[in-house]
Structure formats: structure tokens, C-alpha cells
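Novice: Count the sequence shown with the UniProt record's numbering and you get residues 1 to 153, in order.
From the three backbone atoms N, C-alpha and C, an ideal C-beta is built for every residue, glycine too.
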Amino acid sequence: MQKQKANQYNDEQNNRENKIWGDFVIEKMNLLLDKEKDRDGLLFYETAEEIGKMLVGKITMTQIRKVFSEIQKKSKIKNKINPKQEVKRIEMIMAYTVGRFRSDKNKNDWQSFFKVVKKAGDMVIQNKWTFDDYKNFFEAIIAYYRYHGGREQ
């Protein structure tokens with residue numbers, strides 16, 4: 001019984017940390033829509049760097065690249081695709097990945113990353129970003145992930 005309560009406490013704490021992680025990033029991404037607050041466009045890269053840092057030690061490069069490779073494939077034929085449909089398809093791939101994880105720790109990190117992917121997709125759907133912006137954002141996340149020590153675990 002004592003062990004069960006400890007596990008429940010740890011799960012609740014992980015959920016709180018995950019909420020802070022994902023929601024904090026979403027708040028920053030909302031600022032990317034405000035040209036007054038991001039006149040020089042640097043917030044775009046600062047946000048990508050923060051996300052890259054947060055993913056280190058939590059998600060492997062292979063897992064991140066799986067998502068990014070889908071984005072890259074579609075970017076090469078961007079004139080032949082519907083960007084709004086493609087971001088929704090990428091969301092679906094992420095949802096499947098999140099659902100596969102049994103471990104709460106990995107699942108929470110994936111849920112936070114999923115929030116980021118979903119928010120970036122929403123920016124394309126709302127015509128705030130182009131598909132190239134979407135691709136560049138993920139490219140920057142990967143670059144900063146590597147810079148801050150992200151490797152295969």
C-alpha cells in the first residue's frame with residue numbers, strides 16, 4: 001500500500017513537470033505569432049533551443065528524426081502537398097508514438113513534445129507559418145538538441 005502511494009505521488013509529480021514543460025513552451029510559441037514581440041525573429045530560434053535542451057536525455061535522436069524525416073520528405077514536394085493535411089498526418093504519427101510508450105517518464109516527455117508538434121501544426125493550419133517555417137523550426141530543434149548533448153541513448 002505504501003509503495004502504491006509512492007508510485008501515485010511520483011506519477012502526479014511527473015504529470016506536473018510535464019505540464020510545466022509543455023505548457024511553458026506553448027506560451028513561448030504563442031509569442032512567435034506576435035510580430036511586435038518578435039520583430040527580429042530571434043525568438044523563433046530561442047524557443048527551438050529551449051525545446052532542444054529539454055529533449056536531451058528524454059527522447060533519442062532516432063525518435064526525433066523519425067518525425068523530422070516525415071517533415072523533410074514532404075518539404076521536398078511542398079508544391080504537390082496540402083500543408084494543412086500534412087501537419088495533421090504528422091500529428092497522427094506522433095499520437096501513435098505517444099500511445100506506444102508504457103513508461104510514464106517517456107510518455108510524459110513525448111506528450112510534451114507532442115504539444116509542441118501540435119502547436120507548430122496549428123500555426124501552419126492558421127496560416128501563421130508556412131510549411132518551410134514548420135520544417136525550419138524542427139531543424140533548429142534538432143540542431144540545438146545535438147548542441148546540448150543529445151545523442152542516442
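Is V25 near T47, with beta carbons less than 8 Å apart?
Specialist: Numbered from its first residue, the sequence shown carries residue 25 at position 25. Numbered from its first residue, the sequence shown carries residue 47 at position 47. Cβ distance < 8 Å, so V25 and T47 count as in contact.
Novice: Sort W110, Q126 and G57 by Cα distance to K88 and report the nearest one.
Specialist: What you label residue 88 is simply residue 88 of the sequence shown in a count that begins at 1. If we check each option's Cα against that of K88, Q126 comes out closest.
Novice: Is the region 72-87 touching the region 31-43 in the sense that three or more CB pairs, one from each, lie closer than 8 Å?
Specialist: At 8 Å Cβ cutoff, the stretches do not touch.
Novice: Quick one: Cα of T130 to Cα of Y96, how far?
Specialist: Here the question's residue 130 lines up with position 130 in the sequence shown. Here the question's residue 96 lines up with position 96 in the sequence shown. Using only the alpha carbons, I get a separation of about 25 Å.
Novice: Can you round the beta-carbon distance between A120 and Y134 to whole angstroms, since I take them to be within the 8 Å contact cut?
Specialist: Here residue 120 is taken as the residue at index 120 of the sequence shown, counted from 1. Here residue 134 is taken as the residue at index 134 of the sequence shown, counted from 1. Sure, about 6 Å apart at Cβ, within 8 Å.
Novice: What span of residues does the alpha helix (DSSP H) with K73 cover, start to end?
Specialist: Translated into the one-based positions of the sequence shown, residue 73 becomes position 73. Per DSSP, K73 belongs to the alpha helix (DSSP H) from M61 to K76.
Novice: Taking the straight line between their C-alpha atoms, what separation do you get for Y145 and K80?
Specialist: As a first step, residue 145 is located in the sequence shown; it is residue number 145 there, counting from the start. As a first step, residue 80 is located in the sequence shown; it is residue number 80 there, counting from the start. About 30 Å.
Novice: K53 and H148: beta carbons closer than 8 Å?
Specialist: In the sequence shown, residue 53 corresponds to position 53, counting from 1. In the sequence shown, residue 148 corresponds to position 148, counting from 1. A contact, by the Cβ cut-off of 8 Å.
Novice: Is it right to say L42 is buried, meaning 16 or more other beta carbons lie within 10 angstroms of its own, or is it exposed?
Specialist: Translated into the one-based positions of the sequence shown, residue 42 becomes position 42. It counts as exposed.
Novice: Do I71 and V116 have their C-beta atoms closer together than 8 Å?
Specialist: One-based indexing of the sequence shown puts residue 71 at position 71. One-based indexing of the sequence shown puts residue 116 at position 116. Taking 8 Å as the Cβ cut-off, I71 and V116 do not qualify as a contacting pair.
Novice: With a Cβ-Cβ cutoff of 8 Å, do F114 and M92 count as a contact?
Specialist: If you number the sequence shown from 1, residue 114 lands on position 114. If you number the sequence shown from 1, residue 92 lands on position 92. Taking 8 Å as the Cβ cut-off, F114 and M92 do not qualify as a contacting pair.
Novice: Going by C-alpha to C-alpha distance, which of N30, S75 and E49 sits closest to A140?
Specialist: As a working mapping, residue 140 is identified with position 140 in the sequence shown. The residue with the shortest Cα to Cα distance from A140 is E49.
Novice: Could you tell me if N82 is buried or exposed, where buried requires 16 or more neighbouring beta carbons within 10 angstroms of its beta carbon?
Specialist: Here the question's residue 82 lines up with position 82 in the sequence shown. With fewer than 16 Cβ atoms within 10 Å of its Cβ, N82 is classed as exposed.
Novice: By the three-class DSSP mapping on this structure, what secondary structure does V117 have?
Specialist: Translated into positions along the sequence shown, residue 117 becomes position 117. Helix.
Novice: Please report the straight-line C-alpha distance between K76 and N136, rounded to a whole angstrom.
Specialist: Numbered from 1 along the sequence shown, position 76 holds the residue referred to as residue 76. Numbered from 1 along the sequence shown, position 136 holds the residue referred to as residue 136. Taking the straight line from one Cα to the other gives about 13 Å.
Novice: Give me the Cα-Cα distance between F101 and K107, rounded to the nearest whole angstrom.
Specialist: Position 101 of the sequence shown holds residue 101. Position 107 of the sequence shown holds residue 107. Going by the C-alpha atoms only, they are around 5 Å apart.
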